[in-house]
Every structure is written in C-alpha cells, then in structure tokens.
Amino acid sequence: MQRIGSRTNLLPNSRSALGFQHGLVGLIFFSRTHSKASPKDGCRMTLVNQRMAKSNNTHLDMKMNVEDALVDSFRRMLRTRPLPSLVAFTQLLGKLVKSKHYSLVVSLYNQMGMRGIRPDDYTLNVVLNCFCRLNQMPSSLCVVGNFIKFGLEPDVVTLNTLMMGFFLVGKVVEAEECFNKMIKGGCKPDVVTYNTLLNGNCKVGHSVAAIQLLKKMEKEENFKPDIFSYSIVIDGLCKEGLVDHALDLFLKMTRKGVVPDVVSYTSLIHGVCMIGELEEAMRLFNGMVDRNISPDVQTFSVLVDALCKEGMVVKAQDMMEVMIQRGVKPNVITYNSLIDGHCLRGEIDEARKVFDMMIDNGCESTVFSYSILINGYGKKKMISEALSLYEEMTSKGLVPDVVTYSSLIAGLCKVGRTQSAQDLLHKMQAVGQPPNSQTYAILLDGLCKNGELEEAKLLFHDMEEKKLPLNIVIYNTLIGGMCKAGNLAAAKDHFCKLPSKGLQCNVWTYNIMIDGFLCGGLVGEALNLRREMEEKGCTPDECTYNIMIRGFIHNDDISRALQFKDEMVANGFSVDASTYELFMDLVSMGKLDSSLRAVCHLHPSSALYGMGCMPECVVLP
DNA sequence: ATAGGGTTAG
202 MQRIGSRTNL LPNSRSALGF QHGLVGLIFF SRTHSKASPK DGCRMTLVNQ
252 RMAKSNNTHL DMKMNVEDAL VDSFRRMLRT RPLPSLVAFT QLLGKLVKSK
302 HYSLVVSLYN QMGMRGIRPD DYTLNVVLNC FCRLNQMPSS LCVVGNFIKF
352 GLEPDVVTLN TLMMGFFLVG KVVEAEECFN KMIKGGCKPD VVTYNTLLNG
402 NCKVGHSVAA IQLLKKMEKE ENFKPDIFSY SIVIDGLCKE GLVDHALDLF
452 LKMTRKGVVP DVVSYTSLIH GVCMIGELEE AMRLFNGMVD RNISPDVQTF
502 SVLVDALCKE GMVVKAQDMM EVMIQRGVKP NVITYNSLID GHCLRGEIDE
552 ARKVFDMMID NGCESTVFSY SILINGYGKK KMISEALSLY EEMTSKGLVP
602 DVVTYSSLIA GLCKVGRTQS AQDLLHKMQA VGQPPNSQTY AILLDGLCKN
652 GELEEAKLLF HDMEEKKLPL NIVIYNTLIG GMCKAGNLAA AKDHFCKLPS
702 KGLQCNVWTY NIMIDGFLCG GLVGEALNLR REMEEKGCTP DECTYNIMIR
752 GFIHNDDISR ALQFKDEMVA NGFSVDASTY ELFMDLVSMG KLDSSLRAVC
802 HLHPSSALYG MGCMPECVVL P
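If you count by my numbering, then the first sequence holds residues 202 to 822, one letter each, in order.
Here it is in structure tokens:
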C-alpha cells in the first residue's frame, strides 16, 4: 500500500455545500472575533457542577458494581458443580472486554485453564483480542498456537484480530502477512478485514492510500463499504489535516445512502475544530441534532476541548451545561479538557477547583488529569504544588508516565532547579519510564534557558549515545542555546550541518538564527538568512517579523524596523506584546515620528491574550 | 468472538 498524493488539492468550497443550519446551540457559540478574554472569564463555577455531582456518583457506583458483580459470578461459576457451560464463561469474558478490562479477562481465562476448562474457538478469539489490545503480540501468537494445540481452526475473526494487533504495535508488514495468509489459507476476508486494513493504513498516516482501497471496495460487490469504513477514513483524513477531503467523503457517503452516525460526526467535528473552524463545527453539531443523531460524551468532549484550546473556557462550561441538560454526563476526559483549558489561560487556581470538583463528583482522576495539572503548576513556577501532586498520585497507585515526568522536569527547570531536573531524568530510566526525545528537548531547553550551555551539550551527546532520534526541535533548542550564550559560530556550524544530518530547518530554526545574529549585531547575516528563507520557500511567520522588528530596533535601524512592520501587517500578522512595548518606548523617547499612525492588530495568540489585555486594535501615536 | 470518534509534555 503506498501513499499517493499529498495535502494539495484541497477543495475550499466543499464545506458550504453541506448547508447545515444554525440552531440549537447557536446561543452558546459566538465567533472568535466577538469573544474576548477577560480576567474574569473562566472564574465561574456554576450550578452545572453541583448538578453533575449526583449524576456522576450514581454512574460510577453502577459501573463499579457491574464489574464487581461479573467477577463475583465468575468465581461462583468456577465453584459450581457440574461446571456451567463454556458459553456462559465466554459470554462473561465478552462483557468484561466491552468495558476494556483486558488484563482481567486474561487472568480469569487462566483460572479457567487451571480448573481444566478447555476453550473453544470463540473463547480463544476473545482472549486473543485482549492480548492484542494490551499490545502483547508474543502472547497473541501463543493464543494462535493454542488453536492448533486444542485441535481448533483459526477463522476469519482470528486473523482479523491478529491483523489489528499487529497494526496496533505498528508492525505493518506482519499485519499484511496476516492478510496474505488469509487469502492463501482459503479463509475468506470479510468487510471487517477490509475495515481493519483501512484503519491500519489511516493510523500510520496513509489515509490517501486508504481512500484508494475504499474506492476498490465500492467497486466490489462483496465488500461494499459500510459506516465503519467511511468513519475510519473520514477520521484518518481529519487527523492528517485533510479536513476538506473528509467533508467531501462525508457528503459522498450520505449520497450513497450510508447514514452518518455519532462516530462519523464526532470525527468530522474534531477535524473541523483542529483547523480552528469552530463555527463550522457548531454547524455540523446542529446538523447532527437536526438529524436526530444524539451527540454523546465524546462529541461534547471534542467541543469542550476545542473551546478551551481557543481560550473560551466560559463557553466550554456553557457547553457542559448543554451536555448535562441533554442527559449526557461529563466524564474524566471532559473534565481534563476543562482543567487544561484553565491551565492554558494561566488560571491554575481555577484548574485546581475543577480537578477537586471532579473528584467530589465521584469522577476518578487519571494519570492524564495529574499530568495536566502538574504541567499547569510548573508553568506558574509553583513547583512545590506540582511535586506534591506527584506524591499524591503515586500514593494513589497511579503510575506517572513519560509526560508526567517531562512536565515535572519542565517545572523544575523553570524555577532554576536544573540539577533536580537532571536527577529526575535519570530516575525515569530506573523506574522503567525511559525519557523520550521530547523529554530531552524539555530538559535541553531548560538548561539553555538557565545559561548552562555546557550541561546542555553533555545532554545532547548523551542523546547521541543513546541513539535517540534527533529531530529538528532538538537542534533548534541547542542552536538557540548557543545563540543565547553568544556562541554564534557554534550555532551557525550546527545550522549549516543540518542538511547533512537529513534534517530540514523550519521557520523556527530561521527565527532562532536570525534572532541570534541580530542580537549579536550581525545585521548582514540576518538579512542573508531572511533572503534564504524566501528562496527555500520557508514562509516567515508572526515570530519572524517580531524578531526582525525588535532586532532592528536594538541595532538602531528604526526605518528597517518600520519597513518590516509594514510588511508584517500587509501579511496579516500583528506585533506581539514585547514588540509593542519597544515601539512605545521609542515613542516616549521621541525617536518615533509621532505623525506615524501604525495600526497593529493584536492576534488572540499573541502574548497579550493570556494576560487578559487584548485590545482589538492598538493605534500607535 | 473481530473493525470507527474525545484529554497531557518540546
């Protein structure tokens, strides 16, 4: 299966063709331009939360009871004489699979074996599914071996499940071997087989190849794509940013008479949110409600998260209100999004309140919840709070993962405790959570920001020795550190060697180098790089312009700074907070012509946004 | 008994 085509040929007008109406939830959404962040935004803990309390408690108790009851009746069944039928045992295991208790199923299955119960093909398929879901492929292969051992034939379900398992651990070649074995062994593939192939391809980022397979399925009489097939590909396209293709496919699907469901809608809404089109997302949402397709907890979570990521935490809470009114209970993931939404705005106390409220409501926190909050505290330099949360989660039996540790490392660096951060990195090895490239990047950045360039270089060599993938982010960080330390020659050396390492510099790399040159007074070198960007087709972003404007002001070249400011505004960008401040300084020093009326639009992503002072438009005198 | 959607670190 090869990937054809790329992210070109987007069809910009396909969305309006959907023609969804404004409706039900129009009231809680207004377009981004109308919503301004104010310090008050998000400080509202409402009735919503109290109402959630009751519903969640009962929900959780029910859930616990169901699982406990299943395990209880399993134990009773094992003691019953004569033994209940194998079908009864298998059905029970199947129920536990539905609630994702895969390791529990494996352990119960082993107990059955110890009591001398022989499995049949159904039971083995259930257990195989569990090992696959647990990413334990050697054990999965053992289960396949057990078919032979018990004189049973692996069937199409066995091969479908095994193929899915290989895809889950990224072993595409082995997965396709499963498919080939199926064909050779006379076992007929079915729609599930093809859907598994579609999903495998989508999950490794080959959704365009999946489209080709989907087209073949449409032509074949026996494998007509169903709602699963379309949902898989729609989701894959969205995850690759090909949202317009996804919307087209959605339309095509409905024209073929395949009725969309909550999953296909949720994927599409998520995709539309990811490209920042929240208004379009709300249109889709209203459209699904109009079609009597009920949004569920995942649909609402997508919207809550998207609103939070745009800084609209109050709107996110309104969305939660709508959710509860519709009888859909928020779960830990919905809460996590809201907690992170507050963290993103720097409202760490509000984040903590939501966290505590979640617990009060009987919704159990996960490693995700703790990592989000630890990261939030780290960003606010409240390291003792972060560390005590770490203690709290471990005492609860939650196992901190690579993200938890990375967030702690970032927090420690932020308060200058780089030695503790380094110690923690080593601890990760010891506790079986080895740091990844991103963890190293965080520590590397922390060391550089604290002016410990020599330590940073040692860490970089450590990465090389451990053969960790060195991506452009790592080099950007190191190069940035060298620039900051005034070691421009070394920075330039690394910069020039990037292509020989198979790495392509990106806009960040250029920004860092240009900033370094300008700070070092090497104006000519900076301008050369700006030209090189143009030649290599690397489009300057808002940062590039802000860096250049500030750099030229620092080098007393106000006319060049203004020239870049005009170019920036012409390209639809705005000055950030610190550039704005520099301009103001120049005005107050009388260095900037007061006849100049420079309009600097401030974008929501600018540094001012999180500070609760986001004017629509700033007019320089 | 097998296939699809939501949350965290650079």
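Built from N, CA and C at the ideal position, the CB exists for glycine as well.
Legend entry - Separation of residue 270 from residue 558, as counted between CA atoms: 28 Å
Inset, instruction - Enumerate in chain order the residues of its own chain whose CB-to-CB distance from residue 264 is below 7 Å, with the five nearest sequence positions on each side excluded. - result: Reliability fails at residue 264, whose pLDDT of 47 lies under 50, so the model's placement of it is uncertain and no value is given.
Inset, instruction - Count the C-beta pairs between the segment 590-597 and the segment 617-635 that are closer than 8 Å, then say yes if the count reaches three, no if not. - result: no
Inset, instruction - Within its chain, find whatever has a CB closer than 8 Å to the CB of residue 311; leave out the 5 residues flanking it on each side and keep chain order. - result: none
Legend entry - Presumed contact (8 Å Cβ cut-off) between residue 287 and residue 324, rounded CB distance: 7 Å
Inset, instruction - Can you check the segment 485-548 for any alpha helix (DSSP H) of at least 4 residues that lies completely inside it and give the ranges in chain order? - result: 498-510, 514-526 and 533-545
Legend entry - Neighbour-count burial assignment, residue 604, 16 or more Cβ in a 10 Å radius: buried
Inset, instruction - Can you give me the Cβ contacts of residue 406 inside the same chain, cut-off strictly under 7 Å, excluding the 5 residues immediately before and after it? - result: 441
Legend entry - Inter-stretch contact at 8 Å, needing at least 3 Cβ pairs: the segment 537-557 / the segment 490-501: no
Inset, instruction - Could you round the C-beta distance between residue 469 and residue 494 to whole angstroms and report it? I think they count as a contact, below 8 Å. - result: That pair is no contact at about 12 Å.
Legend entry - Spatial distance of residue 235 from residue 508 (CA atoms): Interpretation of residue 235 is limited by its pLDDT of 35, a score under 50 that renders its predicted location unreliable; the figure taken from the coordinates is listed afterwards. Spanning the two alpha carbons is a distance of roughly 14 Å.
Legend entry - When 329, 786 and 412 are compared against residue 759, the one with the closest alpha-carbon: 786
Legend entry - Assigned exposure category for residue 339 - 16 Cβ within 10 Å defines buried: exposed
Legend entry - Environment of residue 757 [buried if 16+ CB atoms lie within 10 Å]: exposed
Legend entry - contact_flag[the segment 351-370, the segment 327-337] where n(CB pairs < 8 Å) is 3 or more: yes
Inset, instruction - May I ask which residues mark the beginning and end of the alpha helix (DSSP H) holding residue 382? - result: 373-385
Legend entry - residue 299 versus residue 568 - alpha carbon distance: 22 Å
Inset, instruction - For the segment 286-342, list the alpha helix (DSSP H) runs that are entirely contained and at least 4 residues long, ordered along the chain. - result: 287-299, 303-315 and 322-334
Inset, instruction - Identify, in the order they occur along the chain, each residue of the same chain with its Cβ nearer than 7 Å to the Cβ of residue 361, setting aside the five sequence neighbours on each side. - result: 393, 394 and 397
Legend entry - Unbroken stretches of the alpha helix (DSSP H), 4 residues or longer, contained in the segment 352-439: 357-369, 373-385, 392-404 and 408-420
Inset, instruction - With residue 456 as the anchor, note down where its alpha helix (DSSP H) starts and where it stops. - result: 444-456
Inset, instruction - Over the uninterrupted alpha helix (DSSP H) stretch that includes residue 476, give me the two end residues. - result: First-last for residue 476: undefined, no H or E at that position.
Inset, instruction - Rank 731, 615, 431 and 327 by C-alpha distance to the C-alpha of residue 292 and give the top, closest one. - result: 327
Inset, instruction - Would you check if there are 3 or more beta carbon pairs closer than 8 Å linking the segment 681-698 to the segment 647-659? - result: yes
Inset, instruction - Identify whether residue 739 lies in helix, strand or coil by the three-state DSSP scheme. - result: coil
Inset, instruction - Under 7 Å Cβ to Cβ from residue 257, same chain only, skipping five residues before and after it: list those, please. - result: With a pLDDT of only 40 at residue 257, under 50, the local geometry of the prediction cannot be trusted, and no value is derived from it.
Legend entry - Exposure label - residue 518; buried when at least 16 CB within 10 Å: buried
Inset, instruction - Flag this pair as yes or no: are the beta carbons of residue 371 and residue 403 separated by less than 8 Å? - result: no
Legend entry - Three-state class that DSSP yields for residue 700 in the structure shown: helix
Inset, instruction - For residue 735, count neighbouring C-beta atoms within 10 Å of its own C-beta (all shown protein chains included) and say buried if the count is 16 or more, exposed if not. - result: exposed
Inset, instruction - Could you tell me which uninterrupted alpha helix (DSSP H) segments, each at least 4 residues in length, are contained entirely in the segment 605-647, listed from first to last along the chain? - result: 619-631
Legend entry - Burial state of residue 346, where buried means 16 or more other Cβ atoms lie within 10 Å: exposed
Legend entry - Unbroken alpha helix (DSSP H) run spanning residue 720, endpoints: 708-720
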